[in-house]
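If you read the first sequence in the working numbering, its first letter stands for residue 3, the second for the next number, and so on.
First the structure, in the form of structure tokens, and then the observations on it.
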Amino acid sequence: MYIKDLRLHEGKSVTLKGWAANKRESKGLVFVILRDGTGLCQCVVDASKVSEDTFTSAQQISLETSVSITGMVVKDDRQVGGYELQAEAVSIIGQSVDYPIAKKEHGVEFLMDHRHLWLRSQRQWAIMKIRNRIIYAIHQFFQEQGYVQMDAPLFTANAVEGTSTLFETDFYGDPAYLSQSGQLYGEAMAMAMGKIYTFGPTFRAEKSKTRRHLSEFWMIEPEMAFHDIFQNMNVIEAFLRHVVLAVIADCKSELESIGRDVSKLEHVTKPFPRLTYDEAVRIIKGEQDVNGQNAITSLEQELEQVIARTKEVEAEIAEREEKMKVPGMKKGEIGFNQAKIDKLKQELGDLEEAQRNIPNWLNSARNFEYGNDFGGSDETVITRLFDLPIMVYNWPHEVKAFYLKRDPGQSQFARGVDVLAPEGYGEIVGGGERETDLTLLIAKINEHQLPMDAFEWYLDLRRFGSVPHAGFGLGLERLVTWICKLPHVRESIPFPRMYGRLKP
RNA sequence: UCCUUGAUAGCUCAGCUGGUUAGAGCGAGUGACUGUUAAUCACUAGGUCCCUGGUUCGAGCCCAGGUCAGGGAGCCA
3 MYIKDLRLHE
13 GKSVTLKGWA
23 ANKRESKGLV
33 FVILRDGTGL
43 CQCVVDASKV
53 SEDTFTSAQQ
63 ISLETSVSIT
73 GMVVKDDRQV
83 GGYELQAEAV
93 SIIGQSVDYP
103 IAKKEHGVEF
113 LMDHRHLWLR
123 SQRQWAIMKI
133 RNRIIYAIHQ
143 FFQEQGYVQM
153 DAPLFTANAV
163 EGTSTLFETD
173 FYGDPAYLSQ
183 SGQLYGEAMA
193 MAMGKIYTFG
203 PTFRAEKSKT
213 RRHLSEFWMI
223 EPEMAFHDIF
233 QNMNVIEAFL
243 RHVVLAVIAD
253 CKSELESIGR
263 DVSKLEHVTK
273 PFPRLTYDEA
283 VRIIKGEQDV
293 NGQNAITSLE
303 QELEQVIART
313 KEVEAEIAER
323 EEKMKVPGMK
333 KGEIGFNQAK
343 IDKLKQELGD
353 LEEAQRNIPN
363 WLNSARNFEY
373 GNDFGGSDET
383 VITRLFDLPI
393 MVYNWPHEVK
403 AFYLKRDPGQ
413 SQFARGVDVL
423 APEGYGEIVG
433 GGERETDLTL
443 LIAKINEHQL
453 PMDAFEWYLD
463 LRRFGSVPHA
473 GFGLGLERLV
483 TWICKLPHVR
493 ESIPFPRMYG
503 RLKP
């Protein structure tokens with residue numbers, strides 16, 4: 003019997019098994035908020051209605067103790083799930099002594115050290131439910147479109163992209179590297195199946211400490227034979243739309259409980275803007291407006307707003323601190339003011355952070371040099387102007403991977419495409435059409451100083467029935483982060499692995 | 001690797017220009033209360049002020065070096 007099904011059993015006696023998410027006690031009454039993975043339910047234990055043993059057990063329940071409670075299902079609109087259990091019998095399954103995560107705000111480091119327990123809290127629970135729905139939607143989309151799922155190897159002999167970001171391991175005495183991408187293997191399989199997608203972990207040893215980076219993340223990499231870059235963009239757009247709409251349809255309450263504004267996500271029903279690199283650069287530098295908005299001036303306005311808000315927050319903190327100095331304030335009121343001040347101080351810290359960052363971003367946008375790849379701040383600057391994902395294609399070939407096809411008309415460009423998520427989230431997809439010209443490919447491998455013998459098998463794909471093909475890679479955690487509007491990727495995966503974090 | 005901010009009770013933090021015995025709220029424990037939603041109220045316990053060295057009559061506070069963490073850059077999905 004699960005909490006989500008209580009409404010089917012109104013007026014009947016049922017048994018729930020779960021964990022105590024909260025407990026309150028009065029004389030002769032114990033209130034337990036039970037959590038079973040499907041929802042929350044308040045259970046009321048009344049001393050006058052149950053045996054002495056049952057009541058003693060109820061009193062012994064502490065935070066996160068696991069229990070089995072039998073009782074009558076009663077409708078009660080005051081409750082979270084709309085129902086309440088009036089207990090008849092209570093038995094403790096496993097005690098929980100001094101549960102570390104209190105009903106209170108905690109710092110990042112403390113929560114990350116207790117990730118194995120943090121996952122039980124409501125917000126993390128909701129995020130993981132959404133992650134699960136996203137994963138299911140991804141498989142649904144590709145399976146329904148006739149793609150074959152394939153697993154690429156995780157041990158590899160060579161780098162796909164830069165060599166500086168590889169984790170080296172010992173493979174029977176020889177160096178082997180944890181995979182940065184399954185794409186080259188995906189291309190091989192696409193020549194067997196037509197359309198494939200990989201779905202697995204990838205590893206990057208980047209010493210990055212930002213809100214967007216993990217050392218271990220899950221990547222979805224579709225590859226389609228007989229597709230060019232424009233068909234590729236069609237697939238990306240249909241795919242992202244399908245996933246977002248599936249989450250909106252099936253995870254309404256989860257999105258609501260984490261405070262996500264669903265109307266912002268609903269914009270994905272509109273066609274995704276497709277910009278060339280040249281256009282995108284003009285927008286970043288403020289030379290071209292988007293819907294009457296200018297990248298540079300709107301960022302300057304934001305900086306002004308941040309400064310104004312900082313003054314407001316500082317004034318409110320000072321005012322509340324002054325009030326608290328006056329003697330005779332009630333204890334409850336002191337607590338209330340203290341909580342407010344703590345919140346405001348946190349906001350103040352974020353605002354000060356923004357005041358340090360925005361001028362740097364403005365500088366980097368104003369001085370953007372044509373021909374460079376976009377940095378994190380450039381992505382933020384441009385995506386703030388849009389309310390749905392944008393696709394940027396035709397990049398200078400020097401800044402992109404060796405396997406991307408040169409544009410036949412303009413050989414300075416490679417047919418790569420990046421998808422940037424809105425609301426400042428940045429790159430979630432990178433992909434493009436693959437180079438089919440054997441000579442150009444060999445030249446590129448040499449140019450990137452990659453070991454030719456490691457790529458002989460890949461070159462075979464061009465020697466034996468080469469066809470135009472394209473594909474892309476989607477970072478699952480970045481997608482989850484955007485859809486949930488999380489402040490950091492670390493909350494988008496059950497146990498994040500990142501620079502400086504290997505436990506728990 | 002670089003820039004930047006920080007480390008004080010189990011947790012979140014305050015601690016003035018260096019000054020005697022380091023504080024609050026929450027949590028925990030005990031007690032009161034028959035319907036609570038982070039319940040409320042009273043009392044109690046709880047500290048190697050991150051580490052090492054220095055300046056000083058005196059260091060939680062100043063200086064130097066280190067460790068760990070937050071944010072950002074580079075790199076990337």
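All C-beta atoms in this analysis are idealised placements derived from N, C-alpha and C, irrespective of residue type, glycine included.
Predicted model, so just to flag it, every value in this text is computed and none were measured.
Which residues in the same chain as residue i place their Cβ atom closer than 7 Å to its Cβ, once the five residues preceding and following it in sequence are excluded?
| i | result |
| --- | --- |
| G73 | S15, C45, L87, Q88, A89, E90 |
| F370 | V283, I286, K287, D380 |
| G428 | R214, G378, E381, T382, T385, L422 |
| T278 | Y395, N396 |
| I260 | R125, A128, I129, C486 |
In or out: residue i buried (at least 16 other Cβ within 10 Å) or exposed?
| i | result |
| --- | --- |
| F219 | buried |
| D7 | exposed |
| H118 | exposed |
| V482 | buried |
| V110 | exposed |
| L390 | buried |
| K131 | buried |
| Y372 | exposed |
| S59 | buried |
| Y174 | exposed |
| P273 | exposed |
| G41 | buried |
| A251 | exposed |
| A367 | buried |
For residue i, collect the residues of the same chain with a Cβ closer than 6 Å to its Cβ; drop the 5 residues on either side in sequence, then sort them by chain order.
| i | result |
| --- | --- |
| F241 | F143 |
| S468 | T438 |
| H244 | F143 |
| L440 | R464 |
| P224 | Y199, G473 |
| D375 | V401 |
| G96 | S68 |
Checking 8 Å against the spacing of the C-beta atoms, do residue i and residue j come in under that value?
| i | j | result |
| --- | --- | --- |
| G434 | R417 | yes |
| G20 | D48 | no |
| I485 | V249 | yes |
| F205 | Q185 | no |
| L10 | A23 | no |
| V99 | V69 | no |
| P155 | Y187 | yes |
| N234 | F474 | yes |
| A139 | M193 | no |
| T171 | L180 | yes |
| K342 | R311 | no |
| I103 | E493 | no |
| L461 | F404 | no |
| I430 | R503 | no |
| V82 | E12 | no |
| M500 | S255 | no |
Note down, in chain order, each residue of its chain lying with its Cβ closer than 8 Å to the Cβ of residue i, except the 5 sequence neighbours on either side.
| i | result |
| --- | --- |
| L387 | I285, V292, N293, Q295, A297, S300 |
| M454 | I444, I447, N448 |
If distances are taken between C-alpha atoms only, which option among the options comes closest to residue i?
| i | options | result |
| --- | --- | --- |
| E437 | Y174, F415, M235, L406 | L406 |
| A282 | F112, C43, T385 | T385 |
| A178 | M195, N160, A190 | N160 |
| E316 | Q290, L305, Q348 | Q348 |
| D344 | W363, A320, Q126, G477 | A320 |
| I5 | T58, Y85, R492 | Y85 |
| E425 | S265, E306, S259, M500 | S265 |
| I392 | V419, I94, P410 | V419 |
| L305 | R358, D280, L267, L350 | R358 |
| Q307 | D263, E354, D280 | E354 |
| R276 | E289, W120, I231 | I231 |
Could you tell me which residues DSSP puts in a beta bridge with residue i?
| i | result |
| --- | --- |
| A423 | G428 |
| E170 | Y179 |
| Q88 | V46, M74 |
| H471 | A227 |
| K19 | S70 |
| E208 | Looking at the DSSP assignment, E208 forms no beta bridge with any residue, so it has no partner. |
| F33 | R26, V46 |
| T158 | Y179 |
| E493 | Paired residue(s): none; E493 is not in a bridge. |
| Q151 | Y199 |
| I103 | Note: I103 sits in no beta bridge, so no partner. |
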